[in-house]
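Trainee: The listed protein sequences derive, respectively, from chains A and B. Position one of the first sequence corresponds to residue 353 (my numbering), numbered consecutively onward. Position one of the second sequence corresponds to residue 353 (my numbering), numbered consecutively onward.
2 protein chains.
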Amino acid sequence: MDIRFGVIGSGSWATALTKILTDNRQPVGWYIRKEASIRHIQARHHNPHYLPSVYFDTNLLTLSDKPADIVDASDCLVMAVPSAYTAATLEGLDRKALRGKKILSAIKGILPEQNLLLNEYLAREFDFPLADYYTVMGPCHAEEVAAEKLSYLTFSGENETSTQQLASYFTTDYLNTIINQDVYGVQYAAILKNIYALGAGIAHGLEYGDNFLSVLIANCADEMAGFLRKVGIRNIAVGVHEGEDPVSHRRRANYAASVYLGDLLVTCYSLYSRNRTFGNMIGKGYSVKTAQLELNMVAEGYNASKCIYLINKDIKAEMPIAGMIYHILWENVKAGSGFKQIESYLV
Amino acid sequence: MDIRFGVIGSGSWATALTKILTDNRQPVGWYIRKEASIRHIQARHHNPHYLPSVYFDTNLLTLSDKPADIVDASDCLVMAVPSAYTAATLEGLDRKALRGKKILSAIKGILPEQNLLLNEYLAREFDFPLADYYTVMGPCHAEEVAAEKLSYLTFSGENETSTQQLASYFTTDYLNTIINQDVYGVQYAAILKNIYALGAGIAHGLEYGDNFLSVLIANCADEMAGFLRKVGIRNIAVGVHEGEDPVSHRRRANYAASVYLGDLLVTCYSLYSRNRTFGNMIGKGYSVKTAQLELNMVAEGYNASKCIYLINKDIKAEMPIAGMIYHILWENVKAGSGFKQIESYLV
């Protein structure tokens, strides 16, 4: 019983995921916003804007610039648009349009206007059940997938068997898949790592060295684990079933695994990430506005720092590092004096 | 009541530690093997071979090429010779020579011929008590100390108060000190990280990418924590005092802290480390012998892999990564096929 996949989005990560599926000979419906890109892919067999070295067997692709077309024709929607555009992309759909389908989220971020994870947004707008919601996360530069360098992706879902089944469509000789059940944790980890990568950039801009960077990132890993543990415990309180041991359930998440620590490392140590570049300018004394104008983009860690700051009012994890990055970015605390305080927290 | 320090060793790390002490206006006895280096330091105020940019106030230094001179005149010996030469350096000393003194070990390795940690060797050869033994560990490129880039060092000892007192002599505006009681764990962490850094080098030589590297290092962090937890539990079984709770004792070690995870990160992500360079050649298919001849040195991770392999026969931690690196380096397993197996362990 095959799943009909529909990929929503045409950036580098959407393109990489489509490559993986089609390398497994899966037919894919693909929503691409720009008609010109669709024509280019049909004529020239590759996405002109992202991962242009990846060539597709177009017999496997059904392209459309209308989300509803792809949604209707799919059993599983792979959501791979930037979090800031997700709501707008789904806007025209009927409230019942997603009924009976699976959603696989590849969105590494929070919907900024709503301050919601995608599953929370889908529940609110489409009555979409968590049982049909899955995520694909992990340390994965799309460029390395394009080059078929071995990478690891973690699929998360409430039900192990169906998560495993979904993951199997993405397993290739250059892609190992892992599954877990920590749907909330993996999404928050993907958001948090952008904040910490931006912080690593600030530290670099302030001319701290490699010794300090390693201390900072180790402490970020610890802070992240503390937050995720609290999120996990909260979800267990809601989601644990009669007779299940909440502690053993919680223990299942190993925060030194690829989808948590691995993703933090690849992002913080990537010299060319937006978060790092943006943070570097902040560390050098530029204002947020100037950094945005200069780089002509918003680093994901910027919005994420505010989202997590607000969410943590409820979660109440100890987050002196992420908290201070928020204060630096949103409340005009000077990077230098903010990091002086961070220095004193580190162990 | 001041402590008279004696630094044993004249490499870059010994030179950095001497700088830290003399920056705090501490007089330092300094054992340096080569008389020519002593004359150079006296005449030109810097070590000609290591960190030559660091200038010393020679009024604070008492230099000698005889270890016994420095040992006799010191209350606390800072051991900073390579682990392979430690036994030879201490050889001429009387069995009672260290009585009543403190030893602060800055040696990041195991004594290879004896396969012992320094404290174990000192106990055997000098009846030296663990209560007077301290370590200074953490992610610390000596070059960044020379440049006065903020770094963090962790001092470990059985007694918190005296460990704190010792650490205070090393606290400067560019050096934050942390203390813990995990004397065994910090030493093993320093050894393990060299094995994993060598493994990161092999992965690079085999042309794995950054995605894989982050997955590998995250799993190394987990494997290290598993080993250290077992070491901690074993020491608690021996060392825990009546009425003390072994679990809360064990919990004190946070393996995401700088001295554990931080040191692993700075070593694995350092492009210019010996372990990385050596591993890279192994990954590219050179034999251990060729790599050693070509690089004219032995990477610390090479001996460490065998030491830990032997020690783990007793500790019995799950170490598929460190174990396979041992098999590759010492038992002629091909790097490529060894890493194929490692791939399957990673999560």
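By construction, the Cβ of each residue, glycine as well, lies at the ideal position given by its N, Cα and C atoms. None of the values given here were measured: they were computed from a predicted structure.
Which word fits A:N532, buried or exposed, when buried means at least 16 other C-beta atoms lie within 10 angstroms of its C-beta?
Mentor: For this step, residue 532 of chain A is matched to residue 180 along the first sequence. Buried: at least 16 other Cβ atoms inside 10 Å.
Trainee: Let's see if you can read the secondary structure: which residues bound the alpha helix (DSSP H) around B:N648?
Mentor: Within the second sequence, the letter at position 296 stands for residue 648 of chain B. Looking at the DSSP string, B:N648 is not in any alpha helix (DSSP H), and its letter there is neither H nor E.
Trainee: Would you check if there are 3 or more beta carbon pairs closer than 8 Å linking the segment 649-664 of chain B to the segment 539-553 of chain B?
Mentor: yes
Trainee: Let me know the beta strand (DSSP E) ranges lying completely inside the segment 406-452 of chain A, each 3 residues or longer, listed in chain order.
Mentor: Correct list: 413-416, 428-431.
Trainee: Which residues in chain B have a C-beta closer than 9 Å to the C-beta of A:C492? List them in chain order.
Mentor: Working through the first sequence from its first residue, we reach residue 492 of chain A at position 140. Using a Cβ-Cβ cut-off of 9 Å, A:C492 is close to N563 of chain B, given in chain order.
Trainee: Only counting the same chain, and skipping five residues up and downstream in sequence, which positions put a Cβ closer than 6 Å to that of B:F522?
Mentor: In the second sequence, residue 522 of chain B corresponds to position 170, counting from 1. Counting only Cβ-Cβ distances below 6 Å, and skipping sequence neighbours, we find I372, T529.
Trainee: Going by beta carbon distance, what residues of the same chain come within less than 6 Å of B:M489, once the five residues before and after it are set aside?
Mentor: For the purposes of this step, residue 489 of chain B is taken as the residue at position 137 of the second sequence. The answer, listed in chain order, is T506, V538, A542, V611.
Trainee: Kindly indicate the opening and closing residues of the alpha helix (DSSP H) around A:V538.
Mentor: Residue numbering aside, residue 538 of chain A sits at position 186 when the first sequence is read from its first letter. From DSSP, the alpha helix (DSSP H) with A:V538 extends over 535-557.
Trainee: Tell me the DSSP secondary structure of A:G591 in three-state form.
Mentor: Mapped onto the first sequence, residue 591 of chain A falls at position 239. Annotation note: pLDDT 48 at A:G591 (below 50); position unreliable, no value reported.
Trainee: Hey, could you find the ends of the beta strand (DSSP E) B:N532 is sitting in?
Mentor: Along the second sequence, read from residue 1 onward, the residue named residue 532 of chain B stands at position 180. Where B:N532 is concerned, the enclosing beta strand (DSSP E) stretches over 527-532.
Trainee: Quick one: which chain B residues come within Cβ less than 9 Å of A:I459?
Mentor: What you label residue 459 of chain A is simply residue 107 of the first sequence in a count that begins at 1. Within 9 Å Cβ-Cβ: nothing; A:I459 doesn't reach chain B, min ~19 Å.
Trainee: With 9 Å as the threshold, decide whether the Cβ of A:V599 is near any Cβ in chain B.
Mentor: In the first sequence, the residue the question calls residue 599 of chain A occupies position 247. At A:V599, the pLDDT of 47 sits below 50, so the modelled position is not reliable; the number obtained from the coordinates is stated separately. By this cut-off, A:V599 is not an interface position.
Trainee: If we ignore side chains and look at the alpha-carbon of each, how far apart do B:H679 and B:Y654 end up?
Mentor: Counted from its first residue, the second sequence places residue 679 of chain B at position 327. Counted from its first residue, the second sequence places residue 654 of chain B at position 302. Roughly 11 Å between the two C-alpha positions.
Trainee: For B:E465, count the other beta carbons within 10 Å of its own beta carbon; 16 or more makes it buried, fewer makes it exposed. Which is it?
Mentor: For the purposes of this step, residue 465 of chain B is taken as residue 113 along the second sequence, with counting starting at 1. By the 10 Å Cβ count, B:E465 comes out exposed.
Trainee: Within the same chain, show all residues whose beta-carbon is closer than 8 Å to that of A:V406, passing over the 5 residues directly before and after it, in chain order.
Mentor: Counted from its first residue, the first sequence places residue 406 of chain A at position 54. If we look at A:V406 and ignore the five residues flanking it on each side, its Cβ neighbours are T367, A368, K371, H398, N399, A498.
Trainee: How about B:K454 and B:Y485: do their beta carbons lie closer than 9 Å?
Mentor: Position 102 of the second sequence holds residue 454 of chain B. Position 133 of the second sequence holds residue 485 of chain B. Yes, Cβ-Cβ distance for B:K454 and B:Y485 is below 9 Å.
Trainee: Measure the alpha-carbon distance for A:T410 versus A:P404 and round it to whole angstroms.
Mentor: In the first sequence, the residue the question calls residue 410 of chain A occupies position 58. In the first sequence, the residue the question calls residue 404 of chain A occupies position 52. Taking the straight line from one Cα to the other gives about 15 Å.
Trainee: Check distances from the C-beta atoms of the segment 497-515 of chain A to those of chain B and list, in chain order, the residues that come in under 9 Å.
Mentor: Those would be V497, A499, K501, L502, S503, Y504, T506, in chain order.
Trainee: With contact counted as at least three CB pairs below 8 Å, one residue from each stretch, are the segment 664-674 of chain A and the segment 574-588 of chain A in contact?
Mentor: Counting Cβ pairs under 8 Å, three or more are found: they touch.
Trainee: Cβ of B:P672 less than 9 Å from any chain A Cβ?
Mentor: Within the second sequence, the letter at position 320 stands for residue 672 of chain B. For B:P672, no Cβ of chain A is located within less than 9 Å of the residue's own Cβ.
Trainee: Just the Cα atoms here: how many angstroms apart are B:N606 and B:K582?
Mentor: For this step, residue 606 of chain B is matched to residue 254 along the second sequence. For this step, residue 582 of chain B is matched to residue 230 along the second sequence. Their backbone Cα atoms lie some 14 Å apart in a straight line.
Trainee: Give the straight-line distance between the Cα atoms of B:E496 and A:Y560, rounded to the nearest whole angstrom.
Mentor: Taking the first residue of the second sequence as 1, we reach residue 496 of chain B at position 144. Taking the first residue of the first sequence as 1, we reach residue 560 of chain A at position 208. About 10 Å.
Trainee: Mapping the DSSP letters down to three states, classify A:G361 as helix, strand or coil.
Mentor: As a working mapping, residue 361 of chain A is identified with position 9 in the first sequence. Reduced to three states, the DSSP call for A:G361 is coil.
Trainee: What in chain B is Cβ-close to A:G614, meaning under 7 Å?
Mentor: The count along the first sequence starts at 1 and reaches residue 614 of chain A at position 262. Residues of chain B whose Cβ lies closer than 7 Å to the Cβ of A:G614 are, in chain order, S566, V567, A570.
Trainee: Any beta-carbon of chain B closer than 9 Å to the one on A:I554?
Mentor: As a working mapping, residue 554 of chain A is identified with position 202 in the first sequence. It does not: the Cβ of A:I554 has no partner Cβ on chain B nearer than 9 Å.
Trainee: What did DSSP end up calling B:S600 once you bin it into helix, strand or coil?
Mentor: For the purposes of this step, residue 600 of chain B is taken as the residue at position 248 of the second sequence. Because the pLDDT of B:S600 is 47, which lies under 50, any placement of that residue in the model is unreliable, and the number read from its coordinates should be weighed accordingly. Here B:S600 sits in helix by DSSP.
Trainee: So, using beta-carbon positions, are B:Y536 and B:I569 closer together than 9 Å?
Mentor: Taking the second sequence and counting its residues from 1, one reaches residue 536 of chain B at position 184. Taking the second sequence and counting its residues from 1, one reaches residue 569 of chain B at position 217. The answer is no: Cβ separation not under 9 Å.
Trainee: What does a CB cutoff of less than 8 Å around B:Y473 pick up in its chain, not counting 5 residues either side in sequence?
Mentor: Reading the second sequence from its first residue, position 121 is the one you call residue 473 of chain B. Excluding residues within five positions, the ones whose Cβ falls inside 8 Å are T438, A439, L463, Q466.
Trainee: Tell me which residues share the same chain as B:S416 and place their Cβ nearer than 8 Å to its Cβ, disregarding the 5 neighbours each side in the sequence.
Mentor: Numbered from its first residue, the second sequence carries residue 416 of chain B at position 64. The residues are G381, W382, Y383, I384, I390, I422.
Trainee: In chain B, which residues lie with their C-beta within 9 Å of the C-beta of A:E652?
Mentor: Sequence index remark: in the first sequence, residue 652 of chain A carries index 300 (1-based). What A:E652 touches in chain B: nothing, since even the nearest Cβ is about 18 Å away.
Trainee: For a cutoff of 9 Å on Cβ pairs, would you count A:L580 as touching chain B?
Mentor: Position 228 of the first sequence, counted from the start, is the residue given in the question as residue 580 of chain A. Closer than 9 Å: no.
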